[in-house]
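For reference, the structure discussed in these notes is given below.
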Amino acid sequence: MGNPNKERRPTVLCLSGHDPGGGAGIQADIETVAALGGHAFSLISAHTVQDTTDVTRVQAMDLALLREQAAALLADAAPRAIKVGLLASAAQAGFVSELTRQTGAPVVLDPVLRAGGGAELAPAGLVDALAALLPQIEVLTPNAAEARRLVPGAGDLDACGRDLVRRGARNVLITGGDEPGEGVINRWYRSDGSPRAFAWPRLAGPFHGAGCTLAAAIATLLARGESVGAALADAQAWVHAALQRGFAPGKGRMIPGRWS
Ligand code: PLP
């Protein structure tokens with residue numbers, strides 16, 4: 620059936636963990652995609668046990684079920700972008716590769732390796748599996764700690780960013796919220812241009828779900844037809860405003876106010 624309104628809400632296929640507290644993961648994706656004018660298809664990579672302070676358990680979803688869900692969706696619609704968050708096994712990284720090949724859509728991947736509260740979230744083999752995925756990634760959004768884990772032994776963040784691009788990621792935005800300093804510097808490395816830094820005033824946190832929200836915003840703006848440069852700039856501005864509206868639903872960290 621023809622649907623003239625479909626193009627007004629481009630679809631973003633999201634593959635992320637479920638945070639029952641609603642700050643991060645698939646709920647952050649769905650809210651962000653919708654708030655920015657898209658529609659989220661939501662594949663859940665893992666269920667988690669967590670509160671607004673930290674994660675205590677990650678339960679990977681069955682890969683065969685994810686494949687079946689994706690097959691049904693992709694037979695029905697063509698997503699304009701893919702957003703990937705928490706991957707609960709190395710095999711799920713292979714699934715991302717399948718999705719990329721099947722759709723041809725640009726992938727924005729937020730490598731979730733450790734929770735802001737400190738819990739380890741990277742299963743065995745994930746860092747290597749992410750390395751193999753780099754050539755299929757349009758935008759990679761590690762925070763500084765994640766960038767250092769993806770490039771062990773790198774001298775500084777510049778070396779991490781350049782190495783990730785050299786190994787195939789077309790764009791890498793290393794966010795600096797987890798670095799010390801009065802401001803937050805986010806650094807963009809790319810295959811077709813020189814690095815660029817974005818400087819933001821540091822907001823009083825701590826926050827939970829900011830990284831998921833940023834990656835989902837970038838994916839939505841790409842799906843809406845923005846260039847990578849515009850999507851990175853506009854998504855950061857939007858997330859900064861969402862963090863200014865941040866609130867604490869529990870006793871722990873604040874989450875972005877994705878709805879005004
Ligand atoms: N839970 C899920 C499902 C996530 O995707 C993430 C991060 O992406 C986290 C928890 C941790 O979020 P944060 O590092 O913002 O606390």
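Just add 619 to the spot in the sequence shown (first one is 1) and you have the numbering used here. All C-beta atoms in this analysis are idealised placements derived from N, C-alpha and C, irrespective of residue type, glycine included.
Residue i CB to nearest heavy atom of the ligand PLP below 7 Å
i      : result
LEU705 : yes
THR667 : yes
VAL731 : yes
VAL858 : no
GLY830 : yes
ASP638 : yes
ALA854 : no
VAL674 : yes
ALA679 : no
GLY876 : no
ALA712 : no
Identified DSSP bridge partners for residue i
i      : result
GLN817 : One detail in the question is off: residue 817 reads as Phe in this sequence, not Gln. Its beta-bridge partners are ASN805.
GLY812 : ARG809
THR667 : VAL677
ALA850 : Per DSSP, none; premise fails for ALA850.
Cβ pair residue i, residue j closer than 8 Å
i      : j      : result
LEU822 : GLN855 : no
LYS702 : VAL631 : yes
GLY795 : GLY704 : no
PRO754 : GLY713 : no
VAL715 : LEU752 : yes
ALA778 : VAL770 : yes
Closest residue to residue i among the options (Cα-Cα distance)
i      : options                           : result
ILE649 : GLY828, VAL731, GLN678 and PHE817 : GLY828
LEU841 : SER635, ALA683 and PRO725         : PRO725
PHE866 : ARG699, TRP857 and GLY876         : GLY876
GLU637 : PRO629, GLY656 and SER661         : Glu is not the amino acid found at residue 637; the sequence shown has His there. Of the listed residues, the one whose Cα sits closest to HIS637 is SER661.
ALA700 : VAL858, GLN721, SER708 and LEU685 : GLN721
ASN813 : GLY871, VAL791 and MET680         : What sits at residue 813 in the sequence shown is Ser, not Asn. Closest by alpha carbon: VAL791.
> Any contact of the region 830-837 with the region 726-733, i.e. 3+ C-beta pairs under 8 Å?
Replying inline: The region 830-837, when compared against the region 726-733, does touch it at the 8 Å Cβ threshold.
>> I'd like to know if the region 687-696 and the region 748-767 are in contact, where contact means that at least 3 CB-CB pairs between them fall below 8 Å.
In response: Contact between the region 687-696 and the region 748-767 is absent, because fewer than three Cβ pairs lie under 8 Å.
>> Quick check: the region 661-676 against the region 735-752, are at least 3 beta-carbon pairs closer than 8 Å?
In response: The region 735-752 is in contact with the region 661-676.
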